[in-house]
Amino acid sequence: YLDIVHVDPWKKYQDIELGIKETIQNIKFLHKLNPKITFEIGTEEAIRKFTEEELNFLLNELQIGLTDREFEKIEYVCIQSGVGLDVTNRKNVGKFNQGSLESMIRICKSYAKKSKEHNGDYLDWPGIITRFKNGLNSLNIGPEIAQIETETIIDFMNDDQINLFYKACYDSKKWEKWVNSDFDFFK
Numbered sequence: 681y682l683d684i685v686h687v688d689p690w691k692k693y694q695d696i697e698l699g700i701k702e703t704i705q706n707i708k709f710l711h712k713l714n715p716k717i718t719f720e721i722g723t724e725e726a727i728r729k730f731t732e733e734e735l736n737f738l739l740n741e742l743q744i745g746l747t748d749r750e751f752e753k754i755e756y757v758c759i760q761s762g763v764g765l766d767v768t769n770r771k772n773v774g775k776f777n778q779g780s781l782e783s784m785i786r787i788c789k790s791y792a793k794k795s796k797e798h799n800g801d802y803l804d805w806p807g808i809i810t811r812f813k814n815g816l817n818s819l820n821i822g823p824e825i826a827q828i829e830t831e832t833i834i835d836f837m838n839d840d841q842i843n844l845f846y847k848a849c850y851d852s853k854k855w856e857k858w859v860n861s862d863f864d865f866f867k
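If you're matching positions, the sequence shown starts at 681 in our numbering and goes up one per residue.
Spelled out as structure tokens, the structure:
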């Protein structure tokens, strides 16, 4: 019941050829299950940095390794412009690289794909406008929205509910990927 799936094997497969192979296998499998599904491919810089040449290689290899119909189902390609997230302090980190942004957008367009940048959370309006004026199609702000949503839900909870909620979150360990290893959950 999903319309679009982000195929992102890069945390496990840092080697570009292995990551491409896994991406192809995932797209073929999912497309066979549901030929209407579309895909987002690639990853953010914190998981695996891509150069412009590697992004082009990725798309070229996918075009070769997938059928025309499967390749056509890739809707978005993650591009990178030098920024990452510091969710704990609610800010972007890194240095914005407009040249990289423009180059990766051109590569996406040359394969008739839409560009999407992750880590758009906490950007100021000039940063957002710059990206879209340079041709970016989409910007991911998932963590920022999730923080706002969580704070809104907590505002409606009593102390016992908050304690149960925090325990469930802590026990899940899903928060660990968003914080540094020295993060103190109980501060």
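C-beta: ideal position from N, C-alpha, C; glycine also. The structure displayed is predicted, hence computed values, not measured ones.
Enumerate in chain order the residues of its own chain whose CB-to-CB distance from residue i is below 7 Å, with the five nearest sequence positions on each side excluded.
i, result
"asparagine 777", "Ser761 and Gly762"
"glutamine 694", "Arg728"
"histidine 798", "Glu724, Cys758 and Asn820"
Let me make sure I understand the geometry here. Which of the options has the alpha-carbon closest to that of residue i?
i, options, result
"tyrosine 756", "Gln841, Leu765 and Ser818", "Ser818"
"lysine 789", "Met837, Gly815 and Tyr802", "Gly815"
"glycine 745", "Val767, Gln705 and Asp862", "Gln705"
"asparagine 868", "His711, Arg770 and Ile785", "A query on residue 868 cannot be resolved here, the shown segment of the chain reaching from 681 to 867 and no further."
"lysine 813", "Gly822, Pro823, Asn843 and Leu781", "Leu781"
Excluding the 5 residues flanking residue i on each side, which residues of the same chain have their C-beta closer than 8 Å to its C-beta?
i, result
"threonine 703", "Val687, Pro689, Ile721, Leu738 and Leu742"
Going by DSSP in three states, residue i sits in which element: helix, strand or coil?
i, result
"threonine 670", "The chain is shown only over 681 to 867; residue 670 falls outside these bounds and no answer can be derived."
"aspartate 766", "strand"
"threonine 810", "helix"
"glutamate 720", "strand"
"serine 861", "coil"
Within a Cβ cutoff of 6 Å, which residues of the same chain sit near residue i, ignoring the five residues on either side of it in sequence?
i, result
"glycine 699", "Pro689, Trp690 and Tyr693"
For residue i and residue j, which I take to be in contact (beta-carbon distance under 8 Å), what is that distance rounded to the nearest angstrom?
i, j, result
"phenylalanine 863", "threonine 768", "6 Å"
**Report entry** Ordered list of alpha helix (DSSP H) runs contained in the stretch 737 to 797, each at least 4 residues
**Finding:** Here the runs fully enclosed are 748 to 752 and 778 to 790.
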